[in-house]
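Following: one structure in structure tokens, then a few remarks.
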Amino acid sequence: MDMLLYTGYIGGICTTIAFLPQVFKTWKSRSAHDLSWGLLFLLLVGVFLWMIYGIVSADIPVMLANGVTSVFIVSIVGMKWWFDHWLAGKAGK
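When the letters of the sequence shown are read in order and numbered with this note's numbering, they come out as residues 18 to 110.
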């Protein structure tokens, strides 16, 4: 493996891990109210497009990092919908 590939793996690991604190915070607080739908949508589209690019170009660091990151973003989107809509509606009853 050359240095450029190592750089790709390290960058992918860093940017992917960067989403974990938000996933844990959202789960622990049971709220994602401060996260905008626009941010989450654009992040998900961007990460998905990067993942497609990684697949087409056979760039493993790009594929892996964006594949895992997309799972984290989808989990945040799911929690946002669940906590902001379902739990908020249940609390109002």
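All residues carry an ideal CB built from backbone N, CA and C; glycine is no exception.
Bounds of the alpha helix (DSSP H) holding residue 59 are 54-73.
Contact check for residue 89 against residue 47 fails: the beta carbons are separated by 8 Å or more.
If you check the CB distance, residue 43 and residue 85 do not come in under 8 Å.
Burial check for residue 64: the Cβ neighbour count within 10 Å reaches 16 or more, so the residue is buried.
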